[in-house]
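J.:
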Amino acid sequence: MLRIFSTHRLFGFLLTGLMITSCGGGTSSNTPTSSGGGNTSDRGVVTPPTTPPSLTVSVPSLGTSYTVTKSTTSADINRAATEGAGECVNRYGNSQRNTTCQAEVRAAASQARAFIRS
Numbered sequence: 124m125l126r127i128f129s130t131h132r133l134f135g136f137l138l139t140g141l142m143i144t145s146c147g148g149g150t151s152s153n154t155p156t157s158s159g160g161g162n163t164s165d166r167g168v169v170t171p172p173t174t175p176p177s178l179t180v181s182v183p184s185l186g187t188s189y190t191v192t193k194s195t196t197s198a199d200i201n202r203a204a205t206e207g208a209g210e211c212v213n214r215y216g217n218s219q220r221n222t223t224c225q226a227e228v229r230a231a232a233s234q235a236r237a238f239i240r241s
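Adding 123 to a residue's 1-based position in the sequence shown gives its number in my numbering.
#1: How many angstroms separate the CA atom of R240 from the CA atom of V228?
#2: In whole angstroms, what is the alpha-carbon distance linking N201 and A231?
#3: Tell me whether G207 is buried or exposed, calling it buried when 16 or more other Cβ atoms sit within 10 Å of its Cβ.
#4: According to DSSP, L178 sits in a beta bridge with which residue or residues?
#5: Tell me which same chain residues have a C-beta within less than 7 Å of the C-beta of Q225, skipping the five on either side of it?
#6: Measure the CB-CB distance between V247 and A237 and report whether it falls below 8 Å.
#7: Straight-line CA distance for N221 to S188?
#8: Are there 16 or more other CB atoms within 10 angstroms of the CB of A203, so buried, or fewer, so exposed?
#9: For K193 and S177, I'd like the C-alpha separation in whole angstroms.
#10: Roughly how many angstroms separate the alpha carbons of S233 and N217, rounded to a whole number?
#11: Can you give me the Cβ contacts of G186 inside the same chain, cut-off strictly under 6 Å, excluding the 5 residues immediately before and after it?
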């Protein structure tokens, strides 16, 4: 009987030791250590959230700027360029400023197309 008791006692001691070492103070965790919106690796290093690449083009004569992402389509760019060209005519009529404005709209559209193709 004493032998069975000591075996159970030894088993209990080993089991308790195993539980303490498996549950105690490791360095890796599956829960984030910050609430900053980034990704947390196993070592607690927080990486910033990834943002898609974008380009902001502007038309100074109209005082506007547009942000283009890789998901912007050529149709979107063409539509914005057509609206911009129309706004140049509405604001400046048939003048040198209209010509400058139209050139700025074309340049912005060209930059935007080049960005989405790259």
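For every residue, glycine included, the Cβ atom is placed at its ideal position computed from N, Cα and C. Predicted model only: the values in this text are computed from it and were never measured.
T.: Reading it off the structure:
#1: Along the sequence shown, read from residue 1 onward, the residue named residue 240 stands at position 117. Along the sequence shown, read from residue 1 onward, the residue named residue 228 stands at position 105. Taking the straight line joining both Cα atoms gives about 19 Å.
#2: Translated into positions along the sequence shown, residue 201 becomes position 78. Translated into positions along the sequence shown, residue 231 becomes position 108. Cα-Cα distance, rounded: 11 Å.
#3: Locating residue 207 in the sequence shown gives position 84, where the first residue counts as 1. It is buried - the Cβ of G207 has at least 16 other Cβ atoms within 10 Å.
#4: For this step, residue 178 is matched to residue 55 along the sequence shown. DSSP, once it has assigned bridges, lists V191 as partnering L178.
#5: To locate residue 225, count along the sequence shown from 1; it is residue 102. Result list for Q225: A208, C211, in chain order.
#6: Here the chain comprises residues numbered 124 to 241, so residue 247 is not present and cannot be evaluated.
#7: Your numbering for residue 221 matches position 98 in the sequence shown. Your numbering for residue 188 matches position 65 in the sequence shown. Rounded to the nearest angstrom, the two C-alpha atoms are 18 Å apart.
#8: In the sequence shown, the residue the question calls residue 203 occupies position 80. A203 is buried by the Cβ-count criterion.
#9: Counting from one through the sequence shown, the residue named residue 193 turns up at place 70. Counting from one through the sequence shown, the residue named residue 177 turns up at place 54. Note on geometry: alpha-carbon atoms of K193 and S177 lie some 7 Å from one another.
#10: Stepping through the sequence shown from its first residue, residue 233 is reached at position 110. Stepping through the sequence shown from its first residue, residue 217 is reached at position 94. Cα-Cα distance, rounded: 23 Å.
#11: In the sequence shown, residue 186 corresponds to position 63, counting from 1. Closer than 6 Å at the Cβ level, and outside the excluded window around G186, lies no residue.
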